[in-house]
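Report on the following structure.
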Amino acid sequence: MRLIYILIFNCFHIGVFAQVKTPQSSPRAKITQQVGLTTVEIDYSRPSARGRKVIGGLVRYGDIWRTGANKNTTVSFSDPVNILGKSLAAGKYGLYTRPSADQWEVYFYKKNNMGDASTNWVEDQVLLSLTVPSIYFEPMVETFTFNFSDLKSGGAKLNLIWEHTLVSIPFEVPTYTKAIESINKTLYDDPKSGDYYQAAVYFLQEDMDLAKAQVWIEKAIKMREQPAFWMYRQYALILSKLRNKKAALTAFKKSNELAKKAGNKDYVIMNNSSIADLIN
16 MRLIYILIFN CFHIGVFAQV KTPQSSPRAK ITQQVGLTTV EIDYSRPSAR
66 GRKVIGGLVR YGDIWRTGAN KNTTVSFSDP VNILGKSLAA GKYGLYTRPS
116 ADQWEVYFYK KNNMGDASTN WVEDQVLLSL TVPSIYFEPM VETFTFNFSD
166 LKSGGAKLNL IWEHTLVSIP FEVPTYTKAI ESINKTLYDD PKSGDYYQAA
216 VYFLQEDMDL AKAQVWIEKA IKMREQPAFW MYRQYALILS KLRNKKAALT
266 AFKKSNELAK KAGNKDYVIM NNSSIADLIN
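Pasting the structure below:
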């Protein structure tokens, strides 16, 4: 009798907890991109064309679209951003679009879990709207895709692509403000060799006050117990931009010497190329 009860108990639990698992036709995807010092995240579903006419067909012109399938697409920014001259606070937003043949309207919606916009759209929930061109794209893209392009320290483009349509949303991030704030705070309060190095390289990359960058990288080199080939290369690049050719050549050669000892062939190649450019 006890065995019968055990079998009944097990069968009951199998019936309660067993679930059929099948793949979603529009699987969920999440992409995270660091742009400068700002984190941008897109969470969306990825429908596929499967032989259907998509833009202007399945996705109708003139209708507000959830920009994906199933649950609506969301976009989040860890910092305030500027999109085509319009400011948007840090946060997570529903991302909706209204396609047409030549251009798309893009909406950043306050409520980020609304789903379909056809029945409960509230205009006051639109925190930012903009219009961007629709661009013909080759080759044909079967599955709806978001990606980032034109990555720079101060901004990027968020692209949505499906079938033969590309829609690109350029945005700017507050990298300069955050970087300068971090540099000023850190270099004032017990800076390490790496702090001076990072500050100098940032100024070099952004072509800002190279004389100050030289002072910082010289401090970084002096504070480091073991000389580093990557530091000397950046030092040489700063000196080269300052048109101090003689000192730059010396720094490139020092970087080369250290890179050879470390077995780093890539730096040897880069340094040799830089030396040749300076000499010729």
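In terms of my numbering, the sequence shown is residues 16 to 295.
Ideal Cβ placement from N, Cα and C applies to all residues, glycine included.
These numbers come from a predicted model, not from an experiment.
Pick out whichever of the options has its Cα sitting closest to the Cα of residue i.
i           : options               : result
residue 107 : 260, 267 and 59       : 59
residue 192 : 123, 207, 217 and 279 : 217
residue 44  : 85, 69 and 180        : 85
Use the C-beta contact count for residue i: other C-beta atoms within 10 angstroms, 16 or more gives buried, fewer gives exposed.
i           : result
residue 175 : buried
residue 99  : exposed
residue 187 : buried
residue 246 : buried
residue 241 : exposed
residue 249 : buried
residue 277 : exposed
residue 291 : exposed
residue 289 : buried
Measure the C-alpha to C-alpha separation of residue i and residue j and round it to an integer number of angstroms.
i           : j           : result
residue 257 : residue 265 : 14 Å
residue 52  : residue 130 : 30 Å
residue 79  : residue 133 : 7 Å
residue 74  : residue 158 : 13 Å
residue 232 : residue 115 : 52 Å
residue 269 : residue 199 : 30 Å
residue 354 : residue 103 : As shown, the chain starts at 16 and ends at 295. That puts residue 354 outside it, with no answer to give.
residue 211 : residue 124 : 41 Å
residue 285 : residue 160 : 36 Å
residue 204 : residue 120 : 47 Å
Where does the unbroken alpha helix (DSSP H) through residue i begin, and where does it stop?
i           : result
residue 126 : That residue, residue 126, is in no alpha helix (DSSP H); it is neither H nor E in DSSP.
residue 167 : Per DSSP, residue 167 belongs to no alpha helix (DSSP H); it is in the beta strand (DSSP E), 141-167.
residue 177 : Premise fails: residue 177 lies in the beta strand (DSSP E), 170-187, not in any alpha helix (DSSP H).
residue 191 : 190-203
The beta strand (DSSP E) spanning residue i covers which residue range?
i           : result
residue 89  : 89-92
residue 286 : From DSSP, residue 286 is part of no beta strand (DSSP E) but of the alpha helix (DSSP H) over 280-294.
Answer yes or no: does any C-beta atom of chain D fall closer than 9 Å to that of residue i?
i           : result
residue 168 : Looking for chain D here will not work: only one protein chain is present.
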